[in-house]
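Reviewing the structure listed below.
Protein chains in written order, with the numbering used here: chain Y, 32 to 253; chain L, 32 to 253; chain A, 32 to 253.
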């Protein structure tokens with residue numbers, strides 16, 4: 032049990048084999064830390080979480096060759112009832128709210144906030160100091176750069192033909208400093224330019240140029 | 032314990048009386064299997080799930096006489112932190128994502144995918160090989176036929192007068208092969224015809240004829 | 032253990048110190064009741080819940096001085112996989128659905144229903160006999176009066192400048208008897224007047240006068 036020196040564990044915690052918990056780590060009650068998880072110094076995980084999940088699917092879902100390691104850096108705070116997959120890395124000082132879910136092959140850079148019940152799908156990268164608010168849905172194959180603000184309940188998709196024909200899945204690209212208002216809808220593959228603003232409730236069917244402000248359904252410049 | 036032959040149970044699993052687990056079933060850590068649940072061969076349930084919940088309400092919610100049995104068929108995969116009610120049946124090879132919730136008196140036919148954090152309300156039927164994506168809200172009293180695609184964050188409702196007067200609750204009817212784009216809004220009782228397409232972010236106030244394509248707020252043919 | 036007289040506890044329940052459970056309280060399996068929680072007579076809490084969470088944040092989130100007590104009144108029903116923070120009070124006969132999350136400094140008055148996976152953010156007050164349906168997002172600093180109906184997936188925000196400049200955070204004010212249709216979007220600080228109706232999918236950028244009916248994007252009187 033040498034790898035658990037200076038670690039605080041709640042009641043009924045389950046820790047599988049091949050787990051590395053560094054000094055100062057705290058794990059809440061009833062949380063499950065699965066095989067292959069590495070949690071660095073002073074990171075705190077809440078109660079009833081499931082950390083280090085291996086991807087699976089049914090016969091109608093795409094395969095996956097992700098790494099079997101989950102790396103959570105120093106001073107991360109993870110809420111309660113959270114699920115995080117293996118094959119993902121989470122940077123220093125990141126905050127992840129209660130009920131959030133983060134899939135495999137995701138990279139989240141330092142100081143970013145992921146709101147409660149937000150969902151980050153597979154193969155997505157999120158930059159530094161972003162704010163992803165409550166109940167945001169970040170689809171798979173999305174690129175979010177640094178200091179992006181995504182308001183509550185924003186929805187994205189990555190499948191242009193909704194399963195009707197072959198298509199390379201492609202989520203949005205959201206450039207540095209862009210802001211997306213609450214409950215906006217982003218279609219597959221759109222780019223939101225640097226420092227652009229998407230209004231609350233807007234439906235973005237085409238890319239938005241840097242610093243532009245776009246509102247309405249369909250979205251048009253203000 | 033004869034009924035648990037060939038079953039794999041995680042740590043701290045709770046199994047109440049009157050539960051039947053067939054050979055090859057796997058139950059993750061900290062999951063709770065409540066009275067009256069029957070899980071068929073080779074089905075896998077993740078960690079921290081609650082399976083077989085009995086309906087309850089407060090003095091302002093409608094009553095319910097559902098069956099006390101939950102039937103989950105062969106080769107089903109259920110994620111983590113999922114809740115499923117009694118009085119429901121789930122077909123072979125269904126996949127149910129993490130954080131999803133499925134109410135009582137629901138029938139989901141084989142090969143369907145229910146995305147993560149999707150919610151299926153009571154008295155709803157879902158056909159074969161449907162894709163219900165992440166964070167979709169399927170209201171009560173809804174009929175979804177076969178091979179329907181529902182994109183992320185789609186919202187439905189079934190109460191035309193929003194609690195202001197008596198009304199027979201009636202969800203949408205979504206016919207075979209229809210596709211609904213992400214974050215679309217469906218009003219009570221609308222029918223989406225066979226192979227019709229509803230655009231992302233559209234607000235559907237009237238029924239859509241087969242093969243039509245409808246976009247905008249309010250929705251109109253393209 | 033005198034404070035647990037007449038209380039029913041499921042398996043693997045964790046109860047921290049300084050918890051008061053009155054007669055007739057029931058706690059489901061694998062639930063966690065944290066320090067400073069007081070639960071009154073005949074209240075029922077489901078399985079795998081986390082109750083009485085202390086607020087925390089990272090270096091980019093606002094501080095909080097909330098009380099360390101959570102008060103849940105008589106005859107409340109709380110579902111499964113629910114999270115509730117300390118510094119909050121929940122009135123008699125309230126119903127809280129599965130997967131819901133309620134933050135600190137929230138007051139919910141008697142007979143109100145909070146739907147499954149609904150999220151109520153901090154510093155918010157909700158009146159008597161309201162219906163907050165499934166997956167609703169109630170932002171921080173919101174005032175909801177009595178007998179308000181909020182349909183599924185309604186989204187609100189409280190940050191006019193999306194983190195770009197200083198701004199007093201201000202959620203919507205929703206007056207007595209107002210109804211909000213499903214997947215509507217409310218911008219920061221708007222007032223929805225008494226008995227007003229907001230249509231499904233509407234985007235509300237300006238306040239709505241009493242008894243008015245507003246639809247569309249942007250919202251305009253019918």
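The beta-carbon is built from N, C-alpha and C at its ideal position, and this holds for glycine as well. Note that the structure is predicted; figures quoted are calculated from it, not measured.
Let me check you understand the geometry: is the CB of residue i closer than 7 Å to at least one non-hydrogen atom of the ligand NAD?
{"i": "residue 51(Y)", "result": "By its list of ligands, the structure shown contains no ligand whatsoever, and the ligand NAD lies outside what it can speak to."}
At the 8 Å Cβ level, is residue i part of the contact set with chain Y, yes or no?
{"i": "residue 79(A)", "result": "yes"}
{"i": "residue 136(A)", "result": "no"}
{"i": "residue 63(A)", "result": "yes"}
{"i": "residue 84(A)", "result": "yes"}
{"i": "residue 251(L)", "result": "no"}
Does any C-beta atom of chain A lie closer than 8 Å to the C-beta of residue i?
{"i": "residue 140(Y)", "result": "no"}
{"i": "residue 150(L)", "result": "yes"}
{"i": "residue 60(L)", "result": "no"}
{"i": "residue 45(L)", "result": "yes"}
{"i": "residue 124(L)", "result": "no"}
Please look up how many angstroms separate the CB atoms of residue i and residue j, rounded, as I've assumed it's under 8 Å.
{"i": "residue 111(A)", "j": "residue 45(L)", "result": "Actually they do not touch by this definition, with Cβ atoms about 12 Å apart."}
{"i": "residue 123(Y)", "j": "residue 141(Y)", "result": "4 Å"}
{"i": "residue 191(Y)", "j": "residue 158(Y)", "result": "Not really, about 25 Å apart at Cβ, beyond 8 Å."}
{"i": "residue 248(A)", "j": "residue 231(A)", "result": "Not quite, the Cβ-Cβ distance comes to about 11 Å (not below 8 Å), so this is no contact."}
{"i": "residue 233(Y)", "j": "residue 208(Y)", "result": "Their Cβ separation, rounded to whole angstroms, is 18 Å, which puts residue 233(Y) and residue 208(Y) out of contact at 8 Å."}
{"i": "residue 177(L)", "j": "residue 160(L)", "result": "6 Å"}
{"i": "residue 156(L)", "j": "residue 174(L)", "result": "6 Å"}
{"i": "residue 171(Y)", "j": "residue 202(Y)", "result": "6 Å"}
Rounded to whole angstroms, what is the Cα-Cα separation between residue i and residue j?
{"i": "residue 187(Y)", "j": "residue 35(A)", "result": "48 Å"}
{"i": "residue 109(L)", "j": "residue 243(A)", "result": "45 Å"}
{"i": "residue 114(L)", "j": "residue 65(Y)", "result": "21 Å"}
{"i": "residue 62(A)", "j": "residue 240(Y)", "result": "49 Å"}
{"i": "residue 222(L)", "j": "residue 205(A)", "result": "32 Å"}
{"i": "residue 196(Y)", "j": "residue 227(L)", "result": "15 Å"}
{"i": "residue 199(Y)", "j": "residue 137(A)", "result": "45 Å"}
{"i": "residue 245(Y)", "j": "residue 57(L)", "result": "49 Å"}
{"i": "residue 38(Y)", "j": "residue 49(Y)", "result": "16 Å"}
{"i": "residue 210(Y)", "j": "residue 180(Y)", "result": "5 Å"}
{"i": "residue 168(A)", "j": "residue 119(Y)", "result": "28 Å"}
{"i": "residue 47(L)", "j": "residue 85(L)", "result": "13 Å"}
{"i": "residue 162(Y)", "j": "residue 184(L)", "result": "20 Å"}
{"i": "residue 133(Y)", "j": "residue 81(L)", "result": "20 Å"}
{"i": "residue 100(L)", "j": "residue 83(L)", "result": "8 Å"}
{"i": "residue 212(L)", "j": "residue 70(A)", "result": "43 Å"}
{"i": "residue 217(A)", "j": "residue 72(Y)", "result": "41 Å"}
{"i": "residue 59(L)", "j": "residue 135(A)", "result": "31 Å"}
{"i": "residue 153(Y)", "j": "residue 77(L)", "result": "19 Å"}
{"i": "residue 166(Y)", "j": "residue 107(Y)", "result": "20 Å"}
Cβ closer than 7 Å: which chain A residues qualify as neighbours of residue i?
{"i": "residue 112(L)", "result": "112"}
{"i": "residue 214(Y)", "result": "186 and 216"}
{"i": "residue 248(L)", "result": "232, 247 and 248"}
Shorter than 8 Å from the beta carbon of residue i to some beta carbon of chain L?
{"i": "residue 99(Y)", "result": "no"}
{"i": "residue 42(A)", "result": "yes"}
{"i": "residue 154(A)", "result": "no"}
{"i": "residue 33(Y)", "result": "Per-residue confidence for residue 33(Y) stands at a pLDDT of 46, beneath the threshold of 50, marking its modelled position as unreliable; no derived number is given."}
So which residues on chain L does residue i lean against when the C-beta distance must stay under 7 Å?
{"i": "residue 87(Y)", "result": "108"}
Residue i touches chain Y at which residues, Cβ-Cβ below 7 Å?
{"i": "residue 130(A)", "result": "130"}
Inset, instruction - Anything in the segment 226 to 240 of chain A with a Cβ closer than 7 Å to a Cβ of chain L? List those residues in chain order, please. - result: 231 and 232
Inset, instruction - Select from the segment 163 to 196 of chain A all residues with a C-beta closer than 7 Å to any C-beta belonging to chain L, and list them in chain order. - result: 165, 166, 180, 182, 183 and 184
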